[in-house]
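The structure appears below as structure tokens.
Numbering (the working numbering), first residue to last: 1 to 299.
Right, here's the structure in full:
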């Protein structure tokens, strides 16, 4: 390849990269970095090839949406380009299971010991025993599912203000998710629902919201991602944005967010120390995400 052709190629790549939205660039960087991790360390259950293939397809989707927007710029395609990378958190999360024991082995025993030391019991086991009522069970399952509602409301309240606000909000939320996922990969903690044996790790499967959650977990839940609780951390970050963009919706959601946080322990998804970890990491990961957003190659 001649020097002239090399310069043309670099200019073309630079032009294409600059035309991508920040969340698209961030997603490609995460896909690339985790692909390198998979290639170097491998993945459980011989999923290496499929995980690489999914990354190729995901990046192809990003460029397909960019191509559509370039040729027919509409608000719908603009929204899709910002929303699709965020929606893919549903794929990236369970994938951490296939990478989460390459550095450390399972760490749950330490978190069980910490909960026992701090609280004199296992809150994740005792909570549902003290409140076995069906209506509380349903309330907790509703709270856990409302996680997705709070994320969507954070993005839509931002969009209602301004497109740039949505881009900023989506980027921070997605970046915080990725930092949590990297944490899950490095520090494998599966949580009470997977660590403890039956019947201790079970709760009653009665009610609409309980059955709905069970169906959702059957699709995307894996023994991964317990510490720190991203449910708590992302919920707090989203509530910050909702407070910023719509005080009315924020005050309505306060009891929902409270139930969501309680549900993480009640449903045995997390140890209580994980919840504390979620509160501690939310402002830190928010701050890191804002710093990352300012990097020139992501603008």
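Note that beta-carbon positions come from the ideal geometry of N, C-alpha and C, so glycine has one too.
Keep in mind it's a predicted model, so treat the numbers as computed, not measured.
- Task: With DSSP collapsed to three states, give me the class of residue 115.
- Result: Counting from one through the chain shown, the residue named residue 115 turns up at place 115. Helix, per DSSP.
Exercise. From residue 189 to residue 93, what does the alpha carbon distance come to, in whole angstroms?
Worked result: Counted from its first residue, the chain shown places residue 189 at position 189. Counted from its first residue, the chain shown places residue 93 at position 93. Those two C-alpha atoms are separated by around 13 Å.
| Three-state secondary structure (DSSP) at residue 270? | Within the chain shown, the letter at position 270 stands for residue 270. Correct three-state label for residue 270: coil.
- Task: Starting from the Cα of residue 218, find the closest Cα among 85, 17, 90 and 80 and give me that residue.
- Result: As a first step, residue 218 must be located in the chain shown, where it is residue number 218. Checked all of 85, 17, 90 and 80; the closest Cα to residue 218 is 90.
Closest residue to residue 202 among 192, 211, 208 and 249 (Cα-Cα distance):
Numbered from its first residue, the chain shown carries residue 202 at position 202. When each option's Cα is compared against that of residue 202, the closest is 192.
Q. Considering only the beta carbon of each residue, do residue 232 and residue 279 sit closer than 8 Å?
A. Taking the first residue of the chain shown as position 1, residue 232 is located at position 232. Taking the first residue of the chain shown as position 1, residue 279 is located at position 279. Their beta carbons are under 8 Å apart, which means residue 232 touches residue 279 by this criterion.
| Leaving out the 5 sequence neighbours to the left and right, which residues in its chain are closer than 7 Å to residue 35 when beta-carbon positions are compared? | If you number the chain shown from 1, residue 35 lands on position 35. Taken in chain order, the residues that qualify are 52 and 55.
message: Using the Cβ count rule (16 or more neighbours within 10 Å means buried), how would you classify residue 15?
response: Taking the chain shown and counting its residues from 1, the one referred to as residue 15 is at position 15. Exposed is the call here.
Three-state secondary structure (DSSP) at residue 203?
Stepping through the chain shown from its first residue, residue 203 is reached at position 203. The answer is coil: DSSP assigns residue 203 none of H, G, I, E or B.
Which same chain residues, not among the five before or five after residue 282, have their C-beta less than 6 Å away from its C-beta?
Walking along the chain shown from the start, residue 282 turns up at place 282. Cβ within range, chain order: 233, 236 and 237.
Quick check: residue 86 and residue 174, are their CB atoms within less than 8 Å of each other? By 1-based counting over the chain shown, the position of residue 86 is 86. By 1-based counting over the chain shown, the position of residue 174 is 174. Using a Cβ distance threshold of 8 Å, residue 86 and residue 174 count as a contacting pair.
*Cα-Cα, which of 115, 273, 294 and 49 is closest to residue 95?*
For the purposes of this step, residue 95 is identified with residue 95 of the chain shown, where counting begins at 1. The residue with the shortest Cα to Cα distance from residue 95 is 49.
_Just to confirm before moving on: does the CB-CB distance between residue 223 and residue 274 stay below 8 Å?_
As a first step, residue 223 must be located in the chain shown, where it is residue number 223. As a first step, residue 274 must be located in the chain shown, where it is residue number 274. No. Outside cutoff.
- Quick one: Cα of residue 11 to Cα of residue 170, how far? Along the chain shown, read from residue 1 onward, the residue named residue 11 stands at position 11. Along the chain shown, read from residue 1 onward, the residue named residue 170 stands at position 170. Annotation: residue 11 to residue 170 spans about 28 Å, alpha carbon to alpha carbon.
- The alpha helix (DSSP H) spanning residue 122 covers which residue range? Residue 122 sits at position 122 when you count from the first residue of the chain shown. No alpha helix (DSSP H) holds residue 122; DSSP gives it neither H nor E.
message = Taking 8 Å as the cut-off, does the stretch 242 to 256 touch the stretch 115 to 131 (at least 3 CB pairs, one atom from each stretch)?
response = Contact annotation: the stretch 115 to 131 does not touch the stretch 242 to 256, with fewer than three C-beta pairs closer than 8 Å.
- Message: Just verifying my parser: in three-state terms, what is the DSSP assignment at residue 185?
- Response: Reading the chain shown from its first residue, position 185 is the one you call residue 185. It is helical.
Taking its Cβ as the centre, do 16 or more other Cβ atoms sit within 10 Å of residue 134, making it buried, or is it exposed?
As a working mapping, residue 134 is identified with position 134 in the chain shown. That one is exposed.
Checklist line | Anticipated Cβ contact below 8 Å, residue 108 with residue 195, distance rounded | finding: Numbered from 1 along the chain shown, position 108 holds the residue referred to as residue 108. Numbered from 1 along the chain shown, position 195 holds the residue referred to as residue 195. Indeed, because the Cβ distance is near 4 Å, the residues count as touching under 8 Å.
Handout entry: Contact belief for residue 180 with residue 146 at Cβ below 8 Å, rounded distance in angstroms
Key = Numbered from its first residue, the chain shown carries residue 180 at position 180. Numbered from its first residue, the chain shown carries residue 146 at position 146. Contact flag wrong, Cβ pair sits at about 18 Å.
Under the rule that 16 or more other beta-carbon atoms within 10 Å means buried, what is residue 116, buried or exposed?
Taking the first residue of the chain shown as 1, we reach residue 116 at position 116. With fewer than 16 Cβ atoms within 10 Å of its Cβ, residue 116 is classed as exposed.
_Using 8 Å as the threshold, is the C-beta distance between residue 43 and residue 98 below it?_
If you number the chain shown from 1, residue 43 lands on position 43. If you number the chain shown from 1, residue 98 lands on position 98. Yes, they are a contact pair.
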